[in-house]
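Read through the structure below, which is laid out as structure tokens, and then see the notes.
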Amino acid sequence: RSMQGGLVGNDETVALTAFVTIALHHGLAVFQDEGAEPLKQRVEASISKANSFLGEKASAGLLGAHAAAITAYALTLTKAPVDLLGVAHNNLMAMAQETG
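Under UniProt numbering, the final residue of the sequence shown carries the number 100; numbering is consecutive throughout.
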């Protein structure tokens with residue numbers, strides 16, 4: 001739970017998915033050999049599916065700040081489609097507060 005920021009419910013699921021997506025993305029560097037290409041493609045497909053899930057949840061606009069932030073980071077890091085990035089960015093901007 002500590003890696004998930006103590007989240008529960010929908011935010012917990014979304015944050016965990018984003019965290020695993022980030023880890024999978026960083027793990028892609030391991031697949032250097034030609035023989036590893038099929039496995040690399042499976043990991044890339046998993047990242048793509050996770051991005052779709054994250055984008056769907058972000059589109060609902062019901063995420064808390066932590067889940068929204070880690071979702072935006074995961075989508076940006078993995079170079080998700082622009083429409084998903086826009087939704088994630090808009091969610092964060094809607095939560096932003098100006099100070100001073």
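Glycine included, C-beta positions come from ideal geometry on N, C-alpha and C.
In the pairwise beta carbon analysis, the stretch 53 to 66 is classified as not touching the stretch 31 to 43: fewer than three pairs are separated by under 8 angstroms. For L54, the closest alpha carbon among the candidates H26, Q32, A23, A80 is that of A80.
The Cβ atoms of T21 and A58 lie no closer than 8 angstroms to each other. The Cβ-Cβ distance between H25 and L85 does not fall below 8 angstroms. The alpha-carbon separation between Q32 and A72 amounts to approximately 28 angstroms. The beta carbon of M95 sits closer than 8 angstroms to those of A65, A68, all from its chain and outside the five residues before and after it, given in chain order.
In the three-state reduction of the DSSP assignment, P81 falls in the coil class. Take L92, set aside five residues on each side of it, and the residues of its chain with a beta-carbon closer than 8 angstroms to its own are A68, A69, A72, in chain order. R42 and D11 have their alpha carbons spaced roughly 26 angstroms apart.
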